[in-house]
Amino acid sequence: MDFKGSHIVSVEQFARQDIGTIFSVAERMEPYAQRRKVTRVLEGAVEGNLFFEPSTRTRVSFAAAFNRLGGSVSSTTGFQFSSMAKGESVYDTARVMAGYCDVLVMRHPVEGSIQELADAIHVPVINGGDGPGEHPTQALLDLYTVQKETGRDLSALDGLKIAMVGDLRYGRTVHSLTKLLSLFDDVTFVFIAPDELRMPTRISSKLRERGAVVHETEDLAGGLSDVDVVYVTRIQQERFTAPEDADKYRGFYSINRAMYEKHCRPGTVLMHPLPRDSRPSADELSSDLNGHPELAIFRQADNGVPIRMALFALVLGVEDQLEETERDVNWYVPKRLGTQDTLDFGKLPTHNE
Amino acid sequence: MDFKGSHIVSVEQFARQDIGTIFSVAERMEPYAQRRKVTRVLEGAVEGNLFFEPSTRTRVSFAAAFNRLGGSVSSTTGFQFSSMAKGESVYDTARVMAGYCDVLVMRHPVEGSIQELADAIHVPVINGGDGPGEHPTQALLDLYTVQKETGRDLSALDGLKIAMVGDLRYGRTVHSLTKLLSLFDDVTFVFIAPDELRMPTRISSKLRERGAVVHETEDLAGGLSDVDVVYVTRIQQERFTAPEDADKYRGFYSINRAMYEKHCRPGTVLMHPLPRDSRPSADELSSDLNGHPELAIFRQADNGVPIRMALFALVLGVEDQLEETERDVNWYVPKRLGTQDTLDFGKLPTHNE
Amino acid sequence: MDFKGSHIVSVEQFARQDIGTIFSVAERMEPYAQRRKVTRVLEGAVEGNLFFEPSTRTRVSFAAAFNRLGGSVSSTTGFQFSSMAKGESVYDTARVMAGYCDVLVMRHPVEGSIQELADAIHVPVINGGDGPGEHPTQALLDLYTVQKETGRDLSALDGLKIAMVGDLRYGRTVHSLTKLLSLFDDVTFVFIAPDELRMPTRISSKLRERGAVVHETEDLAGGLSDVDVVYVTRIQQERFTAPEDADKYRGFYSINRAMYEKHCRPGTVLMHPLPRDSRPSADELSSDLNGHPELAIFRQADNGVPIRMALFALVLGVEDQLEETERDVNWYVPKRLGTQDTLDFGKLPTHNE
Chain A
583 MDFKGSHIVS VEQFARQDIG TIFSVAERME PYAQRRKVTR VLEGAVEGNL
633 FFEPSTRTRV SFAAAFNRLG GSVSSTTGFQ FSSMAKGESV YDTARVMAGY
683 CDVLVMRHPV EGSIQELADA IHVPVINGGD GPGEHPTQAL LDLYTVQKET
733 GRDLSALDGL KIAMVGDLRY GRTVHSLTKL LSLFDDVTFV FIAPDELRMP
783 TRISSKLRER GAVVHETEDL AGGLSDVDVV YVTRIQQERF TAPEDADKYR
833 GFYSINRAMY EKHCRPGTVL MHPLPRDSRP SADELSSDLN GHPELAIFRQ
883 ADNGVPIRMA LFALVLGVED QLEETERDVN WYVPKRLGTQ DTLDFGKLPT
933 HNE
Chain B
583 MDFKGSHIVS VEQFARQDIG TIFSVAERME PYAQRRKVTR VLEGAVEGNL
633 FFEPSTRTRV SFAAAFNRLG GSVSSTTGFQ FSSMAKGESV YDTARVMAGY
683 CDVLVMRHPV EGSIQELADA IHVPVINGGD GPGEHPTQAL LDLYTVQKET
733 GRDLSALDGL KIAMVGDLRY GRTVHSLTKL LSLFDDVTFV FIAPDELRMP
783 TRISSKLRER GAVVHETEDL AGGLSDVDVV YVTRIQQERF TAPEDADKYR
833 GFYSINRAMY EKHCRPGTVL MHPLPRDSRP SADELSSDLN GHPELAIFRQ
883 ADNGVPIRMA LFALVLGVED QLEETERDVN WYVPKRLGTQ DTLDFGKLPT
933 HNE
Chain C
583 MDFKGSHIVS VEQFARQDIG TIFSVAERME PYAQRRKVTR VLEGAVEGNL
633 FFEPSTRTRV SFAAAFNRLG GSVSSTTGFQ FSSMAKGESV YDTARVMAGY
683 CDVLVMRHPV EGSIQELADA IHVPVINGGD GPGEHPTQAL LDLYTVQKET
733 GRDLSALDGL KIAMVGDLRY GRTVHSLTKL LSLFDDVTFV FIAPDELRMP
783 TRISSKLRER GAVVHETEDL AGGLSDVDVV YVTRIQQERF TAPEDADKYR
833 GFYSINRAMY EKHCRPGTVL MHPLPRDSRP SADELSSDLN GHPELAIFRQ
883 ADNGVPIRMA LFALVLGVED QLEETERDVN WYVPKRLGTQ DTLDFGKLPT
933 HNE
């Protein structure tokens with residue numbers, strides 16, 4: 583696809599080579615995202631951050647990405663556009679915002695609402711999550727993390743084995759990530775979920791159609807034993823029709839360090855889209871793993887910045903101008919971001935392969 | 583008036599030549615507002631955006647304007663200053679904010695509150711709307727739109743014929759625009775409203791005193807037939823004492839393409855302060871006009887940016903330094919902002935006069 | 583202490599020489615804070631402003647400070663991290679934000695919460711107030727104001743006499759300021775409070791242990807008569823178990839111009855952390871003093887900017903690079919910020935000593 587001027591609404595719009603394009607730009611963003619270099623390539627540009635659903639981390643991640651490119655951000659975090667309450671159409675809202683901003687990021691609880699916004703304007707729109715629908719930048723940063731953490735290049739994602747654990751029924755991020763992974767050959771999926779929270783059949787069938795191997799099991803220990811990546815999810819209480827039903831499944835699976843060491847192959851990468859539920863009743867991915875070098879969950883979150891920078895640069899067509907305003911970072915950046923980090927910021931565990 | 587260091591609180595403060603000053607600076611802002619050029623003239627300056635009433639579009643328009651000049655914006659969108667709830671005077675609030683910001687924009691539901699803020703400080707204050715009171719930047723961008731869309735220069739506004747349609751009783755924007763237009767000679771106003779929502783007599787009397795021709799009618803078709811501009815308004819439900827009364831008038835007038843083509847002279851400019859109420863029960867300016875080149879409503883909204891940039895530049899006294907930091911825009915800007923736009927961004931319909 | 587990479591969580595962490603370091607950097611920030619010069623030393627850096635408790639002025643003050651250093655700010659003003667509601671640990675929240683931002687400022691209603699955040703990450707965290715706990719930047723700007731307004735240098739704070747008036751029981755700012763002042767020798771404290779709102783014994787005992795002279799009285803007139811500084815506080819209604827009890831004490835002490843002139847020595851500096859309660863029932867520091875040159879309360883608020891700039895510069899290690907990107911301010915800055923200011927912005931009353 584031609585990224586310049588495009589909307590980023592769904593993972594469905596990407597072909598395998600588009601992923602390659604995004605990731606190669608994201609890699610060139612790493613020095614800025616990791617605060618070794620500064621670029622000001624988008625100085626003067628304005629991003630509109632329209633968050634109709636609260637999501638501090640996603641909003642700040644987008645804003646930081648745009649700021650790290652030199653641009654300015656205007657954020658809206660209210661739950662409703664007052665003007666929409668006054669009967670304004672999505673077309674009008676979108677067209678007016680397009681007059682102010684060079685790119686819009688929107689998060690909205692209603693599936694399909696971002697597509698409607700994008701259909702109204704030629705100013706690029708990026709989907710920051712539309713309820714049970716899509717969250718394409720999360721899927722991209724997940725896949726980027728898989729690639730980096732397993733020490734593969736994109737073509738080497740063929741043959742990947744990944745386990746997905748937990749609420750596979752309502753977990754938007756696993757749905758999108760499986761779609762992206764289905765662009766690659768010979769991927770093996772191990773879906774570990776209680777029967778009621780199984781991966782929807784429409785998704786697992788489609789994966790099989792595309793040639794993937796799909797195993798489904800309720801058995802956590804067995805499912806973990808022969809994969810490259812374990813992707814753990816939170817019980818999506820907010821998507822349950824009866825929220826108290828979520829209690830039944832919270833705590834159903836819980837991976838801690840002992841279990842990891844007993845059942846996983848050395849080097850198995852642990853991922854989670856965050857937030858993880860650390861209440862004792864849930865604890866799907868125990869904090870006793872925090873010091874483990876293969877716990878990739880924070881590096882995964884960090885990867886949101888270079889991925890979102892790459893998308894901004896691509897849709898605004900500045901990906902080849904980054905170096906023109908480049909200089910070294912002149913302020914203090916800690917070697918490790920978290921006090922329990924075992925690796926320096928931007929570094930990956932070494933695999934003996 | 584001397585703009586440097588001035589507050590912009592009411593349209594009443596402008597003489598005819600002041601309008602000329604603002605519009606000539608706004609014109610010089612067009613290359614930045616239309617994202618052909620970047621200026622960084624206010625790099626280092628800080629705007630405080632104090633929005634005690636929700637208004638995403640007005641807030642983002644001011645912020646984008648300040649960002650496009652190179653400055654930074656701090657926005658407050660809460661409904662109440664916690665400190666005001668603790669018994670703080672407006673003087674104290676204003677004086678403290680003046681210590682942080684170079685210019686303040688405030689929107690507040692109480693008429694007169696912006697004047698009170700402005701009276702407290704020498705840091706310039708711009709009124710972003712004070713309830714049923716004033717919204718001077720809207721009136722300025724409206725007049726700027728009238729001038730540009732009718733292909734006139736300011737002196738040629740003498741003799742203009744304008745129809746105003748809908749809720750002329752509560753519509754703050756039409757009140758302010760009539761005041762600005764009364765600075766010009768031989769203006770003809772056609773006020774089209776149901777009897778209960780007529781233009782207040784104090785306003786129409788004053789217009790007549792100043793030499794304007796004022797027609798009042800309930801007949802939409804007749805009122806549209808011989809004017810240069812039709813300015814349509816939304817029923818201001820939120821200003822009605824009994825909001826259900828608003829239902830009686832919503833949908834009372836509805837202008838669509840068929841009606842426009844039947845009753846308006848070719849070239850008649852269609853304006854609306856937005857949001858327009860697109861619910862079938864209202865639809866005061868139908869979306870079937872979206873593809874019409876004389877539908878100026880989105881260009882009108884776009885004009886908010888150069889007008890607000892001009893006011894910031896004037897009150898901060900930098901209007902003659904714009905070019906010093908100027909460079910070309912290096913990112914993608916679509917030719918047309920909306921998918922239903924019929925004209926390129928920044929272009930106007932051609933009139934055969 | 584070594585500031586680079588440090589958290590600023592409590593006034594307890596400062597030794598006397600640290601105060602000297604902060605104030606000497608703050609002094610070098612004055613030209614930027616007073617808008618005579620621009621520096622862009624932190625261009626490209628991102629501050630995260632996490633305000634879980636509403637505090638417009640503190641938030642805008644931090645944001646303005648970071649912007650005046652050239653950096654960008656992402657603000658969160660919601661009352662809850664949605665992710666914390668989903669069971670996320672403070673560690674996870676902190677670590678994720680550290681991936682986006684170069685420095686975090688947090689305000690939170692729960693005492694100790696900022697320390698918990700700081701314990702999780704190596705990215706510097708600055709306490710913007712944790713409920714009844716600490717508000718170290720307020721204490722620092724208060725002490726900086728004492729120093730500047732009394733025309734002393736830091737070593738000359740030895741021997742200072744200060745009266746503190748009002749709600750000394752719940753007033754967080756007086757607790758922190760006394761701790762900072764106890765670093766100096768021979769300081770005399772006059773605590774003027776109704777018996778029920780006395781300075782907690784643990785604080786006054788500790789002051790005496792450290793060699794300070796402590797007088798406690800309910801008599802306002804007598805307490806004011808022989809001090810260098812009078813620090814007035816508001817009744818902290820929101821900290822009372824039974825808020826209606828606050829009414830009993832509101833208005834208990836009220837200092838106006840007549841009282842000041844009758845009881846205070848010429849040159850006695852009047853301070854207040856703001857907001858002051860200007861309702862007739864409270865009026866602890868009357869607005870009839872607004873024109874008085876020794877009313878330092880707004881200069882005190884203004885001092886928040888250079889102090890916060892100094893802390894940002896120190897924890898990010900750029901305090902020696904300020905001048906590299908320095909230039910003159912090119913926009914209009916009023917000589918006096920408030921219409922009732924008697925002194926030019928940045929100027930101090932002259933003392934005949």
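These protein sequence lines are chains A, B and C, in that order.
Going by this note's numbering, the first residue of the first sequence is number 583, and it counts up by one from there.
Going by this note's numbering, the first residue of the second sequence is number 583, and it counts up by one from there.
Going by this note's numbering, the first residue of the third sequence is number 583, and it counts up by one from there.
Virtual Cβ for every residue (Gly too), placed ideally from N, Cα, C.
Annotation: the stretch 583-659 of chain C contains the following complete segments of the alpha helix (DSSP H) (minimum length 4 residues), in chain order: 598-615 and 638-650. Boundaries of the beta strand (DSSP E) harbouring B/Gly-710: 707-712, taken from the DSSP string.
In the three-state reduction of the DSSP assignment, B/Arg-909 falls in the strand class, which pools E and B.
Within the stretch 802-865 of chain B, the complete alpha helix (DSSP H) runs of at least 4 residues fall at 802-806, 827-831 and 839-845. In this structure C/Lys-730 is buried. Its beta-carbon is surrounded by 16 or more other beta-carbon atoms within 10 angstroms.
For B/Ala-676, same chain residues with a beta-carbon under 6 angstroms away, outside a window of 5 residues either side, are Leu-699, Ala-702 and Ile-703 in chain order. Distance from the Cα of B/Phe-894 is smallest, within the candidate group B/Arg-792, B/Arg-641 and B/Phe-648, for B/Phe-648. A/Leu-877 has A/Leu-852 as its beta-bridge partners, per DSSP. Contact of B/Glu-670 with chain C by beta-carbon distance below 8 angstroms involves Leu-856, Pro-857, Arg-858, Asp-859 and Ser-860. Judged by DSSP secondary structure, C/Arg-689 falls within the beta strand (DSSP E) whose first and last residues are 685-690. Non-local beta-carbon contacts of C/Ser-786 in its own chain, meaning distances under 6 angstroms to residues more than five positions away in sequence, involve Val-796 in chain order.
Against chain B, the beta carbon of C/Gly-920 has neighbours under 8 angstroms at Tyr-673, Ala-676, Arg-677, Ala-680, Ala-702, Ile-703 and His-704, listed in chain order. Using a 10 angstroms sphere on the CB of A/Ser-606, the tally of other CB atoms stays under 16, which defines it as exposed. Excluding residues up to 5 positions away in sequence, Ala-828 lie with their Cβ nearer than 6 angstroms to the Cβ of A/Phe-822 in the same chain. Within the DSSP secondary-structure output, C/Ala-745 pairs in a beta bridge with C/Val-772 and C/Val-812.
Rounded to whole angstroms, the gap between the alpha carbons of A/Met-611 and B/Arg-890 is 34 angstroms. Close partners of C/Ser-654 in chain A (Cβ separation under 7 angstroms): Asn-649. Secondary structure at A/Glu-778: helix, using DSSP grouped into helix, strand and coil. The Cβ of A/Val-911 sits closer than 8 angstroms to at least one Cβ of chain C.
For A/Val-887, the C-beta contacts it makes with chain C under 8 angstroms involve Gly-681 and Tyr-682, in order along the chain. Here the alpha carbon of C/Thr-770 sits roughly 15 angstroms from the alpha carbon of C/Leu-725. In the three-state reduction of the DSSP assignment, A/Gly-920 falls in the strand class, which pools E and B.
Taking C-alpha positions only, A/Gln-922 is separated from C/Pro-782 by approximately 38 angstroms.
Taking a cut-off of 8 angstroms on C-beta distances, the stretch 829-838 of chain B does not touch the stretch 756-771 of chain B, as fewer than three cross pairs fall below it.
Under the Cβ distance rule, C/Leu-893 does not count among the residues neighbouring chain A, no pair being separated by less than 8 angstroms. Taking a Cβ-Cβ cut-off of 7 angstroms, the neighbours of C/Ala-627 in chain A comprise Trp-913, given in sequence order. For B/Val-795, the three-state secondary structure derived from DSSP is strand.
The alpha-carbon of A/Phe-773 is positioned some 40 angstroms away from that of A/Tyr-673. For A/Val-897 against A/Ser-695, the beta-carbon gap comes to about 19 angstroms, at or over 8 angstroms, which does not count as contact. For A/Leu-898, the chain B residues whose Cβ falls inside 7 angstroms of its Cβ are Trp-913 and Tyr-914, in order along the chain. A/Leu-867 sits in a strand when the DSSP states are folded into three classes. Taking C-beta atoms as the reference points, A/Arg-754 and A/His-717 count as a pair closer than 8 angstroms. In this chain, the alpha helix (DSSP H) harbouring A/His-757 covers 754-763.
Around B/Ala-892, the same chain offers Ile-604, Val-607, Ala-608 and Met-611 as residues with beta carbons nearer than 7 angstroms, after the five sequence neighbours per side are excluded. Take the alpha-carbon of A/Gln-882 and the one of A/Leu-904: they are about 23 angstroms apart. For the C-beta of B/Gly-710, not a single chain C residue is nearer than 7 angstroms; the gap to the nearest is close to 16 angstroms.
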